[in-house]
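Residue numbers (our numbering), protein chains in the order written: chain A, 375 to 461; chain B, 20 to 111; chain C, 44 to 205; chain D, 10 to 94; chain E, -15 to 75. The structure under discussion appears below in the form of C-alpha cells.
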Amino acid sequence: MNTMNLVVLTTYIGYFLLIIGVIGAIFGPMTNDPLKRLLNIEVPSMGVALIFLAYNETLALMTYIAVNSVLMLVFVRAIIKNEELEA
Amino acid sequence: MDVLPLISILSCILGGIGVILHTDYINKIIMFAFLEAGLIGLITSFYYLDVSIISSILEPIGTVILLLGALKYAHLKRTKKKYSSEVPILAR
Amino acid sequence: MEIEVIKLIIASIICWINFVVVDTYFGLPKKPGVSGAEVIGKKIEKIGGNINGGYFMGNIVCSPDASAGTLMAAIFYYAMGFEGGLIAALLIFIGNRLCNDPGYAGTIGTITATILIYLCSGFIEPQYFIAGMVIAIFTIQGFHHAYASKLLGSIAKKMGRI
Amino acid sequence: MDIVILTIGTIMVIVGLRIFLTRSRALKLPYVCCLNFCMAALIVLYIKSPMGALTAVVYFISSTISSNAIAHTIGEMKKIEKTMK
Amino acid sequence: MNVPYTLIYFYGISIISSIIIGILLKMPLKPNTNSFEGNILFPTVFVALGLTAIAEFLFGLDIILCVIIGVFSALFSKYINRIFPGVDYGN
Chain A
375 MNTMNLVVLT TYIGYFLLII GVIGAIFGPM TNDPLKRLLN IEVPSMGVAL IFLAYNETLA
435 LMTYIAVNSV LMLVFVRAII KNEELEA
Chain B
20 MDVLPLISIL SCILGGIGVI LHTDYINKII MFAFLEAGLI GLITSFYYLD VSIISSILEP
80 IGTVILLLGA LKYAHLKRTK KKYSSEVPIL AR
Chain C
44 MEIEVIKLII ASIICWINFV VVDTYFGLPK KPGVSGAEVI GKKIEKIGGN INGGYFMGNI
104 VCSPDASAGT LMAAIFYYAM GFEGGLIAAL LIFIGNRLCN DPGYAGTIGT ITATILIYLC
164 SGFIEPQYFI AGMVIAIFTI QGFHHAYASK LLGSIAKKMG RI
Chain D
10 MDIVILTIGT IMVIVGLRIF LTRSRALKLP YVCCLNFCMA ALIVLYIKSP MGALTAVVYF
70 ISSTISSNAI AHTIGEMKKI EKTMK
Chain E
-15 MNVPYTLIYF YGISIISSII IGILLKMPLK PNTNSFEGNI LFPTVFVALG LTAIAEFLFG
45 LDIILCVIIG VFSALFSKYI NRIFPGVDYG N
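Here you go:
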C-alpha cells in the first residue's frame, strides 16, 4: 500500500468520521445531555484533523490540535456554568 | 512494513463508532482516547514526527479536561436532582 | 519461518519472567500505588480474581513500571544499541515520577531488561524482544483477567511479597 | 511479511475489539494499557530511527498518564454515585 | 557493540563523580523503596548513566563533560523531591 492510496484512504476515513460524528451528535443515543453532545462533537473534529493530515497541512494540523484542547476547556466551563445557573 | 496505517485506520473507525454508541461519560472518554491513539498512529505513518509528539503531549491534557468536566457535571446533576424538589429556586 | 516463532516465544518468556519478578520484588502487588489501581483491583476481585493480582494489574495500568521499562529497553535497544537502554531507564524514571510512583520498579526493570537483551543479542535480535514484551503484556492484561490475577497472586505469595 | 509486525497487529486488533465489547468501565482499562503497548511498538517498528523511539516513549508516557487519570476518575465517579444514591 | 575500552572508562567516571558529589551533599545512604527522596544509589547512578548516554549520542564524550554530568546528576537527584514531588491523596 504505497503512500498514494494512503492519502486517499485517509481522506475517506476523514469523511467517514465527519459524517458519522455529525449524525451521532444530532441523532445519537441520549444526546439531550450537553456534555454527551460535546463528546460526540469530538468525532467530527478528529475527522477534520484527518483531512488536514491527508492534504499535508502540517502547521494547520498542529494549531488545530492545540486550539482543540483549549476549545474543550471553554466548552466544558460553559456547560458547567450553564448547569449551575440554569435551574 | 505498512501495518501501522491499516491498524490506526481500523482503530479510528472503531473509536469513532464507539464514542457515538456508548452512553456513559467514562465509556465515551475511553473510546475518545482510543480514537486519539488511532489519530497519532496515522500522523506517525505520514512521517510527521514533531506533529505526533506535540499531539501526544496535548492528548492527555484534553482527556483530563474532559474528565474533570464530566466529574463536576455528574456531581452537579446529582446534587440538583436530590435537592431541587425541596429548595425553591428563588432561595438559591 | 519456525526459527522466528521459536525466537519470539523465547523472547516473550524472558520478558514475562523479567517484568513479573522485578515488579513482584518491588512490592507492586502489596498495595495500590495510586487510587486508580485500587479501583481496578477491587473490580478484578469482584469478578473472581485475586486481590493482589488485581493490584498488580492496576499498578501496571496506572504507572509505567517494569513492564513499560522492559518494552522501552527493547525499543531503545532496537533503535540505538546498548546506550539506548540507559536512556530508556532515565525516561522511564521521569515517567514514573510523573505518575506519582517512586520509580524503583520501572528503572531497575529497564536496566535488567537491557542487560538481558545485551546477553541475548547474539542470536535473538531486539525486535523479537519488542514483540515478546507485547505478547507477555497481552497474556497478563488482555487475555483473561481472573486467571491472570490468580496466577500473579500465587507468584507474589510464592515470592513472599504479599 | 515480518512475523513480529504481524503478531503485534493481530494482538492490537484483538484488544481493539475487546475494548469495544466489554461492558464494565474498570475492566476496559487493562485493554487500553495493552493497546498503548501495541501502538508504541508499532510506531518504533515503522520508524526505525532514534527519533521514532523518542516519539514512541513520549506517546507511551502521555497515554499512560491519560489512562491513569481515567482510572482515578472512575474511582471518584463511583464515590459520587455511592454517596448520592 | 562498539564500546571500546575508553567508552566504559567515561561511564565509570560519571558514575564515580556522581557518587562522590552525592556523598558530599550528604544524601541518605540506604535506599528505601516507598519514599520519594533521592538517595546515593537509586536515582543518582541511573540519572548519571542516562545523561552520559544522551551526551554520547548527541555530542562526543569527554572527561570534563562526564564530570559535569556526574555533578549535575547528583544535584538533580538531591532535589528530585522538589522537582517531581510525590502527591499523597488526602483520603
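Just so it is clear, CB atoms sit at the ideal spot from N, CA and C, and this is done for glycine as well.
Is the separation between the beta-carbon of residue i and that of residue j shorter than 8 Å?
{"i": "Val83/B", "j": "Ala78/D", "result": "yes"}
{"i": "Ser71/D", "j": "Ser75/B", "result": "yes"}
{"i": "Met176/C", "j": "Phe41/E", "result": "no"}
{"i": "Gly421/A", "j": "Gly388/A", "result": "yes"}
{"i": "Ala56/B", "j": "Met48/D", "result": "yes"}
{"i": "Gly88/B", "j": "Ile454/A", "result": "yes"}
{"i": "Phe181/C", "j": "Ile20/D", "result": "yes"}
{"i": "Ala428/A", "j": "Tyr438/A", "result": "no"}
{"i": "Val65/C", "j": "Pro39/D", "result": "no"}
{"i": "Ile183/C", "j": "Ala191/C", "result": "yes"}
{"i": "Ile83/D", "j": "Ile45/B", "result": "yes"}
{"i": "Phe30/E", "j": "Thr150/C", "result": "yes"}
{"i": "Asn23/E", "j": "Leu13/E", "result": "yes"}
Taking Cβ positions only, does residue i come closer than 8 Å to chain C?
{"i": "Thr64/D", "result": "no"}
{"i": "Phe60/E", "result": "no"}
{"i": "Gly61/D", "result": "yes"}
{"i": "Val24/D", "result": "yes"}
{"i": "Leu141/D", "result": "The structure shown does not extend to residue 141/D, since chain D is modelled only from 10 through 94, so no value can be given for it."}
{"i": "Asn130/E", "result": "Examination of residue 130/E is not possible in this model, given that chain E is present from -15 through 75 alone."}
{"i": "Tyr9/D", "result": "Nothing about residue 9/D can be reported from this structure: the residues present for chain D run from 10 to 94 only."}
{"i": "Val71/E", "result": "yes"}
Nearest to residue i by CA position, among the options, is which residue?
{"i": "Cys42/D", "options": "Val82/C, Ile90/C, Ala111/C and Tyr147/C", "result": "Ala111/C"}
{"i": "Ser19/E", "options": "Ile49/C, Tyr147/C and Glu168/C", "result": "Tyr147/C"}
{"i": "Val13/D", "options": "Ile52/D, Gly61/D, Tyr68/D and Thr73/D", "result": "Ile52/D"}
{"i": "Ile394/A", "options": "Asp43/B, Ile45/B, Ile32/B and Tyr44/B", "result": "Ile32/B"}
{"i": "Phe46/D", "options": "Lys200/C, Glu45/C, Ser106/C and Val77/C", "result": "Ser106/C"}
{"i": "Asn456/A", "options": "Tyr386/A, Leu409/A, Met404/A and Phe390/A", "result": "Leu409/A"}
{"i": "Gly185/C", "options": "Ile151/C, Ile94/C, Leu133/C and Met100/C", "result": "Met100/C"}
{"i": "Arg66/E", "options": "Asn143/C, Phe119/C and Thr153/C", "result": "Asn143/C"}
Please confirm if residue i has its CB atom under 8 Å from at least one CB of chain D.
{"i": "Met123/C", "result": "yes"}
{"i": "Thr141/C", "result": "Correcting the residue type first, residue 141/C is Leu in the shown sequence and not Thr. Yes, contact with chain D."}
{"i": "Lys193/C", "result": "no"}
{"i": "Val2/B", "result": "Residue 2/B falls outside the range modelled here, since chain B spans only 20 to 111, and no answer is possible."}
Report the neighbours of residue i on chain A: residues whose CB is nearer than 7 Å to its CB, in chain order.
{"i": "Leu77/B", "result": "Ile439, Ala440 and Ser443"}
Using a beta-carbon distance below 8 Å, is residue i in contact with chain B?
{"i": "Ile12/D", "result": "no"}
{"i": "Thr384/A", "result": "yes"}
{"i": "Thr16/D", "result": "no"}
{"i": "Lys37/D", "result": "yes"}
{"i": "Leu44/D", "result": "yes"}
{"i": "Ile454/A", "result": "yes"}
{"i": "Ala50/D", "result": "no"}
Could you tell me which chain D residues have their CB closer than 8 Å to the CB of residue i, listed as they occur along the chain?
{"i": "Pro107/C", "result": "Phe69, Ile70 and Thr73"}
What residues of chain E sit near residue i, judged by a beta carbon separation below 9 Å?
{"i": "Leu133/C", "result": "Phe30, Val31, Leu33, Gly34, Leu35, Ala37 and Ile38"}
At 9 Å on the CB atoms, spell out the chain B contacts of residue i, in chain order.
{"i": "Asn414/A", "result": "Val38, Ile39 and Lys47"}
Measuring only the C-alpha atoms, how far is residue i from residue j?
{"i": "Met446/A", "j": "Asp108/C", "result": "31 Å"}
{"i": "Asp69/B", "j": "Thr63/B", "result": "9 Å"}
{"i": "Glu126/C", "j": "Leu33/E", "result": "9 Å"}
{"i": "Gly91/C", "j": "Leu8/E", "result": "53 Å"}
{"i": "Ile52/C", "j": "Ala179/C", "result": "10 Å"}
{"i": "Gly96/C", "j": "Ile160/C", "result": "27 Å"}
{"i": "Met(-15)/E", "j": "Phe51/B", "result": "For Met(-15)/E, the predicted model reports a pLDDT of 47, less than 50, meaning its position is unreliable; a value from the coordinates is still stated below. Roughly 43 Å separates the two Cα atoms."}
{"i": "Ala156/C", "j": "Pro79/B", "result": "28 Å"}
{"i": "Leu194/C", "j": "Leu71/C", "result": "14 Å"}
{"i": "Phe62/C", "j": "Tyr171/C", "result": "16 Å"}
{"i": "Ser1/E", "j": "Phe(-6)/E", "result": "11 Å"}
{"i": "Leu129/C", "j": "Asp11/D", "result": "28 Å"}
{"i": "Met443/A", "j": "Lys88/D", "result": "A small fix is needed here, since residue 443/A is Ser in this sequence, not Met. Their Cα atoms are separated by approximately 27 Å."}
{"i": "Asn93/C", "j": "Gly84/C", "result": "8 Å"}
{"i": "Tyr386/A", "j": "Arg34/D", "result": "31 Å"}
{"i": "Lys89/C", "j": "His188/C", "result": "11 Å"}
{"i": "Tyr92/B", "j": "Leu44/D", "result": "29 Å"}
{"i": "His94/B", "j": "Thr31/D", "result": "26 Å"}
{"i": "Leu(-9)/E", "j": "Pro24/B", "result": "40 Å"}
Listing by chain order, which chain B residues have their CB less than 8 Å from the CB of residue i?
{"i": "Lys1/D", "result": "What the structure shows of chain D is the stretch from 10 to 94, and residue 1/D is not part of that stretch, so it cannot be assessed."}
{"i": "Lys410/A", "result": "Thr42, Tyr44 and Lys47"}
Using a cut-off of 8 Å between C-beta atoms, extract the partners of residue i located in chain A.
{"i": "Gly81/B", "result": "Asn442, Ser443 and Met446"}
{"i": "Ala52/B", "result": "Those do not exist, as Ala52/B stays about 11 Å from chain A at its closest Cβ, beyond 8 Å."}
With a threshold of 8 Å between beta carbons, is residue i in contact with chain A?
{"i": "Ala110/B", "result": "Residue placement at Ala110/B is poorly supported in this model, since its pLDDT is 49, which falls under 50; the coordinates still yield a value, given next. It does not; no Cβ of chain A falls within 8 Å."}
{"i": "Ala56/B", "result": "no"}
Would you say residue i faces chain E, with C-beta separation under 8 Å as the test?
{"i": "Thr157/C", "result": "no"}
Below 8 Å on C-beta distance, what does residue i contact in chain C?
{"i": "Ser19/E", "result": "Pro145"}
Just the chain A side, please: which residues come within less than 9 Å of residue i by C-beta, in chain order?
{"i": "Leu85/B", "result": "Leu409, Leu412, Leu413, Glu416, Met446 and Val450"}
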